[in-house]
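Residue numbers (my numbering): 359 to 750.
A short worksheet on the structure shown next.
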């Protein structure tokens, strides 16, 4: 009696096709899932950034840098950790660029995406910790959606099983990626038996990490990148045990899959950061024109310029941000009045705010100090952030 004969009738099916042709353009399920995940992550991150005072639309500026950098980093990690598939005997180096066939490492994606987000955050004048914490629940949500692409590709499954949710796996055609091999009758060929749907386990685990981050972040008001560290810890714990179930080919160290070691090391790093870093959550107040509230019109209907309604002007982007406490941010929301700067006031790049700098330009007996012309030029902008930082 074989394991296949013990398999129950109930099973999870797998798609036999992962690519559809729209004229000459191939539509790949893997790519669609990645795009859908990115959209969801951006939506969640945008909402969380706005809750902390970041101007609307900032997530698009961040995504322009983070998404390409994340995809490049993910592919580099996959190729570096599995070089024999591309540079070994019988390997095809050009296949290293075929990301639509699968092969994106989450560790490289996080590293590359973090680098891109850091560059964007500096350009926007937003503390990187604020961006990371805002992204914390959106990233595992995107990963969960992305795992559906692995289901279409018939990949990332575990060992044989007799469980009712065992997964059927098609034998894919190496000469026609995205399509299953077919028998003489034209039916897709299945591998014998059923397999652990590890891609599904990881997708469900990621949804649990989303809930974990949202709940603890609301209760503990995590800041300074600690919400992101919580996501990393939650994800790596799940990835550790799920990786041990997988049976696809992978490089090993001391008989253990490389990604198992990576998950353990990354978890320890995130745990150390979460325990050591302390401090309240940062909130941001925009500086420059974006901080000024436009008063409502007082004229009657006959004096309204309809042309302005038809072509509304886009709100000016902030020229920087001032980091404030939660209480100061709440007061600013209620009154629209920017709180006075104190000794701890700083812009998002860590520099003293303009009000604090102004106090330093007077002597203790209120006699004005001769201010250098360059400083007067910088202060005339009334932006609260240095021009060099705004352009970086």
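Glycine residues also receive a C-beta, built at the ideal position from the N, C-alpha and C atoms.
| Check | Outcome |
| --- | --- |
| Kindly examine the ligand COA and report whether one of its heavy atoms sits closer than 8 Å to the Cβ of residue 620. | The ligand COA is absent from the structure shown, which contains no ligand whatsoever. |
| Within its chain, find whatever has a CB closer than 6 Å to the CB of residue 615; leave out the 5 residues flanking it on each side and keep chain order. | 601, 608 |
| Which full runs of the alpha helix (DSSP H) of 4+ residues lie inside the region 475–518, going along the chain? | 486–493, 496–510 |
| For a quick check, are the C-beta atoms of residue 644 and residue 687 less than 9 Å apart? | no |
| Runs of 3 residues minimum, wholly inside the region 368–432: which ones carry the beta strand (DSSP E) assignment? | 377–380, 383–386 |
| Decide if the region 485–496 is in contact with the region 513–522; the criterion is three or more beta carbon pairs, one per stretch, under 8 Å apart. | no |
| Please state whether DSSP places residue 654 in a helix, a strand or coil. | Residue placement at residue 654 is flagged as unreliable, the pLDDT there being 44, under the threshold of 50; a coordinate-derived value is accordingly withheld. |
| Can you tell me which of 548, 373, 534 puts its alpha carbon nearest to the alpha carbon of residue 508? | 373 |
| Quick check on residue 582: does DSSP put it in helix, strand or coil? | coil |
| Quick check: the Cα distance between residue 744 and residue 413, rounded to an integer number of angstroms? | Any reading at residue 744 is ruled out, since the residue's pLDDT is 36, under 50, leaving its predicted position unreliable. |
| Kindly identify the DSSP beta-bridge partner or partners of residue 525. | 370, 553 |
| Going by DSSP, what residue range makes up the alpha helix (DSSP H) through residue 630? | 616–634 |
| Do the region 376–386 and the region 533–550 meet, that is, are 3 or more Cβ pairs less than 8 Å apart? | yes |
| With respect to the alpha helix (DSSP H) encompassing residue 442, which residues constitute its N-terminal and C-terminal limits? | 442–445 |
| Taking the straight line between their C-alpha atoms, what separation do you get for residue 636 and residue 401? | 28 Å |
| How would you label residue 563, buried or exposed, when you count the other beta carbons within 10 angstroms and need 16 or more for buried? | buried |
| Rounded to whole angstroms, what is the Cα-Cα separation between residue 545 and residue 452? | 31 Å |
| Can you look up residue 611 in the DSSP assignment and give me helix, strand or coil? | strand |
| With distances taken Cα to Cα, identify the nearest neighbour of residue 502 among 399, 371, 407. | 399 |
| Based on Cα-Cα distance, which residue from 406, 381, 530 lies nearest to residue 572? | 406 |
| Please report how far the alpha carbon of residue 660 lies from the alpha carbon of residue 694, in whole angstroms. | With a pLDDT of 47 at residue 660, under the threshold of 50, the predicted position of this residue should be treated as unreliable, though the coordinate-derived value follows. Using only the alpha carbons, I get a separation of about 29 Å. |
| At the 9 Å Cβ level, is residue 369 part of the contact set with chain B, yes or no? | Checking the listed chains, one finds no chain B in this structure; it contains a single protein chain. |
| Report the three-state DSSP secondary structure of residue 546 (helix, strand or coil). | strand |
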